[in-house]
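Protein chains in written order, with this note's numbering: chain A, 2 to 290; chain B, 2 to 290; chain C, 2 to 290; chain D, 2 to 290. Beta carbons: idealized from backbone N, C-alpha and C, even for Gly.
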């Protein structure tokens, strides 16, 4: 299992200086892995990122949330096709960087929709994902659809909803990505979604209910980590937190980050790294009971 | 203490037939009070509503969320003024209907903002609320600002943030409205915000984390109800739940109601009425311990 | 599923007047079933109880906790044999009363032990239970071993510990009885023990962490009831609560009931009946999500 | 604030070798303070302990649970007087060792009582504690009464019950000691008892619901630590955990430690030290929210 952290904990800009800050911060906090937000995959230099993370002995993954102009679930075929192209590019640069995971809201726009999803839109997204699954598989990249709350997609807001959508996608290498922040809003429990997802769960985000320090909100992390142990989850476990102290033009406003929940990235990250590893260790001891 | 229910549990339309369905449903479920969504106060017949609720022996309150065209926190004075006018009308019709409470997102638009709030916008909203407070006071109506999550306002997402905004408003009769659904996302606990708000808390929404049946999500209701008892809260306690089974064009999409969380309004409402009263009763017994 | 209540909610004495009070209270609170404490099965008139519960249209079950003189897990064969005789009698009178369940601490004394269990003691208890299982099966009575906390037995304090002991018993008709009050002390979660027990779970006690009103303590009932739904549990679900307001000489002191947690049996019982049924109903709606 | 650990995490024997193991373990895990069980204060060499802890730069405190022969709340004046003598000796040796805190069940026997407390017994204990308070004050030692569950005392099982008993004691320097393990059984919340106790809270035990690894049970630590911050608690915070892997003849059986919840003291202790400090740190950040 690799324990990681989202780059926005350290920097809002992912140019070379920003990447360096994120990589150094990741390493100093004790994480194994850095998740990079791939807001613009066309501007992303996979080879450079690959060298930089290799030099520091950490792994990388990438996530993204499509915008309305690249909405894979759009009924407008041109828009959906633009989304598919962007995701093709994203798969390629992740592979170039040596990454094995592309996740996030890669099946619809990451936005507050003002209408429910349509069957045609779902079908368009599912069909594109099946094609993307082939490309990702060939590139050694696993695609995982992040289940997010009602304000960030209208396609699926729960693990069970996500599994139903995966059936529609019908590809063996397109999987689920669960995030405790979103689960706390949408699920009826923190353990059952993990059991329901089972081996279709391939990526995990650890976020507190308000996206600040772990352990200061309403997320029942104990149940979630016990669920991971119960299904033998062995994929990435990545900490996410957002504060107005670190701003990404493209991401902070989309996510509604209006509050300063922390102002010391290094302290936050080291705390989260210990929190996650300590939870995993503690859950192991239940086997003795 | 009056236990109430939001009208959208019963109907998505608030014409006379819709009102009748909501009033009957409220009464049959055992509630004391019906909260009506005042999406268009200009089309709301206060006198009619007053007669109808009186006939059935229940009380009424009203809530609303401003839209972008009436955003009280807009830096565009004309927009803010349109919001203020709408709220003046809302106060008047609530008074006409015999109501004593107007609450909700009445200080900004109820929407996913794409930028942080500005000082000028906050000041405009605060100044307008101070004037509205005078009008409301004269009309015997209490204004309570609903603290909602980051996707529904950018002004204040926690009780403490709300109290800071109340200081800016500076009016003795403009208060706070807390909602367990939003608190579960934004607060660091369910009890302390109630203590912090103290006697500035004048309105309460009871909603589950996913806005479905009470007791099936992640909200720690016990802590919240113990908090109410600790501060001696005696105002309205109103159940809110939304499902795609009952749709309001203006409200359901704004709130992101994409899922069917229930399909039997009467069962849901009676369950919630018992849940709330049973929690209040149980908490009373702690005095014996 | 039958929803029931423990007799000590209504009376501390189980003579004919006490039985009448308990049966009437059970019925008035809306329960289907009365669980009777079988502290002295030799003094228990099964035929009378059977007629009385039949007359009121409710079902009965019985529970007991062995005392030190009848400790089935004693290394002293005479003591263990006395326990076995008592349990034979208990099975017979439950069957006479038309009951289908005998549960509780029927595998050791219900007491604070001052030494760990011994292998010989466990073996003696297991062998006796295998024989008792045959007798119970023939009588149409299911035996369920109640897993209790460290202060009430030393044999098994968790569902998994109980399952290991059931393997030692090796009888298809001796099962588990879980109690939320004890689980809250000993288990690492409220859902997994139910999953682990699966179809070996045949009896359930619902108790709050301090044994008072449901919903005023630390028990995570939501997870427990979701677990019951997940395994399709269909057996008795019985409310237990103890207060110094109703005292049984033999039971209250054994259980350490030093506090007055309630003083109105009828209110407590009706509240618990609604709480349990409302939780079960709410959990059903998760299927829609 | 000093973060400490109970000696039984490291050793079951408190001879010089045992003390050395405990002191070394305390220090290596990162704790500031070692709490020593003072089961036999007459055999305790305060001067030696003082030198040993000083040499390692850690602080010490002591706790004890009276046995039946020294029950301060006994109606038998000779027994109560024996308890008082033992506690006088305990105060003296704590002071000799340079300790500033004596806590635990120092107001009754630490045992499962078989009868409720009597007024005469409570009065005897209260009067003795008032006298002991004077002696402790003179020696620079704070006495804190540990509120424990129903199976370990019959005098007071909640903070509010403890406060009522403190009124009876009537001494300004006899205070409360809360323990999360016991609170999880007896209290109606983890935050309010801290608020209720306020500045009478002078000692804290951090234990999980089953007394194993922190974070694997049902204790709501977040609420408890938020309570400590809210009242500005600044006293010792001491981790307690018991497993059958480390046995004290006098203590393990009294506490009902029948299970192996961990087998690596060093890992357990370092984990707990991080858990407590990380919770305290996280709670600090709430001030920003």
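Fill in: Rounded C-alpha distance that separates residue 116/A from residue 199/B
38 angstroms
Worksheet item: Where residue 267/B and residue 251/C are concerned, what is the direct C-alpha to C-alpha distance, given to the nearest angstrom?
Response: 46 angstroms
Worksheet item: Do you know offhand how far residue 141/B's Cα is from residue 207/B's?
Response: 24 angstroms
Discussion item. Ignoring anything shorter than 3 residues, give me the beta strand (DSSP E) runs that lie fully in the stretch 25 to 95 of chain C, in order along the chain.
Written reply: 34 to 38 and 60 to 67
Item to complete: Report yes or no: do the stretch 153 to 160 of chain B and the stretch 99 to 111 of chain B share at least 3 C-beta pairs separated by less than 8 angstroms?
Response: yes
Worksheet item: Could one say the Cβ of residue 268/D lies closer than 8 angstroms to chain C's Cβ atoms, at least one of them?
Response: no
Worksheet entry | Simplified DSSP state of residue 137/D, which is helix, strand or coil | helix
Worksheet item: In terms of alpha-carbon separation, which member of 80/C, 54/C and 92/C lies closest to residue 64/C?
Response: 92/C
Worksheet entry | First and last residue of the uninterrupted alpha helix (DSSP H) at residue 181/D | 181 to 187
Practice prompt. Would you check if the distance between the CB atom of residue 203/B and the CB atom of residue 143/B is smaller than 8 angstroms?
Written response: yes
Worksheet item: Expressed to the nearest angstrom, what Euclidean distance is found between the alpha-carbon atoms of residue 230/D and residue 185/D?
Response: 19 angstroms
Fill in: Contact with chain B by residue 260/A, beta-carbon distance below 8 angstroms
yes
Worksheet item: Which residues mark the beginning and the end of the alpha helix (DSSP H) in which residue 249/D is found?
Response: Here residue 249/D belongs to no alpha helix (DSSP H), and DSSP marks it neither H nor E.
Worksheet item: Mind checking whether residue 57/A and residue 240/A have CB atoms under 8 angstroms apart?
Response: no
Discussion item. Taking CB distances under 8 angstroms as the criterion, tell me whether residue 214/C reaches chain B.
Written reply: yes
Practice prompt. Mind the definition here: the stretch 5 to 22 of chain C touches the stretch 35 to 53 of chain C only if three or more C-beta pairs lie below 8 angstroms; say whether that holds.
Written response: yes
Discussion item. 8 angstroms is my cut-off, CB to CB: does residue 116/D come that close to chain C?
Written reply: yes
Item to complete: Keeping to the same chain, check which residues put their C-beta closer than 6 angstroms to that of residue 80/B; ignore five residues upstream and five downstream.
Response: 72
Item to complete: From the DSSP output, read off the bridge partner residues of residue 143/C.
Response: 102/C
Worksheet item: Is the shortest distance between the beta-carbon of residue 224/B and the beta-carbons of chain D less than 8 angstroms?
Response: yes
Item to complete: Return the Cβ separation of residue 59/C and residue 34/C in integer angstroms, given the expectation that the two are a contact with Cβ distance under 8 angstroms.
Response: 6 angstroms
Practice prompt. Using the Cα positions of residue 114/C and residue 257/D, report the straight-line distance between them to the nearest angstrom.
Written response: 7 angstroms
Discussion item. Suppose the cutoff is 7 angstroms on Cβ atoms and the five residues either side in sequence are ignored; what does the same chain contact list for residue 122/A look like?
Written reply: 74, 75 and 76
Worksheet item: Can you check whether the CB of residue 288/D is closer than 8 angstroms to the CB of residue 215/A?
Response: no
Item to complete: Could you check which residue in 101/B, 270/B and 193/B has the C-alpha nearest to that of residue 242/B?
Response: 270/B
Worksheet item: From what residue to what residue does the alpha helix (DSSP H) around residue 222/A run?
Response: 222 to 232
Practice prompt. Residues of the stretch 82 to 94 of chain D with a CB closer than 7 angstroms to any CB of chain B: list them in chain order, please.
Written response: none
Practice prompt. Determine the closest residue to residue 69/B out of 62/B, 83/B and 236/B, with distance taken between C-alpha atoms.
Written response: 83/B
Discussion item. I believe residue 1/D touches residue 99/D by the beta-carbon criterion, under 8 angstroms. Please report the beta-carbon distance rounded to the nearest angstrom.
Written reply: Because chain D here runs from 2 to 290, residue 1/D falls outside it and cannot be looked at.
Worksheet item: Taking residue 1/C as the reference, which of 277/C, 209/C and 163/C has the closest Cα?
Response: With chain C covering only 2 through 290, there is no way to say anything about residue 1/C.
Fill in: Unbroken beta strand (DSSP E) run spanning residue 166/C, endpoints
Taken as a continuous stretch (DSSP letters only), residue 166/C belongs to no beta strand (DSSP E), being part of the alpha helix (DSSP H) at 160 to 170.
Worksheet item: If residue 2/C and residue 279/C are in contact, beta carbons under 8 angstroms, what's the gap, nearest whole angstrom?
Response: That belief does not hold up - the Cβ atoms of residue 2/C and residue 279/C are roughly 14 angstroms apart, past 8 angstroms.
Worksheet entry | Cβ shell of residue 237/A (< 7 angstroms), same chain only, five flanking positions each side left out | 3, 5, 34, 62, 102, 204 and 205
Discussion item. Classify residue 49/B: buried if its beta carbon has 16 or more other beta carbons within 10 angstroms, exposed otherwise.
Written reply: exposed
Worksheet entry | Under 8 angstroms between C-beta atoms of residue 263/A and residue 244/A | yes
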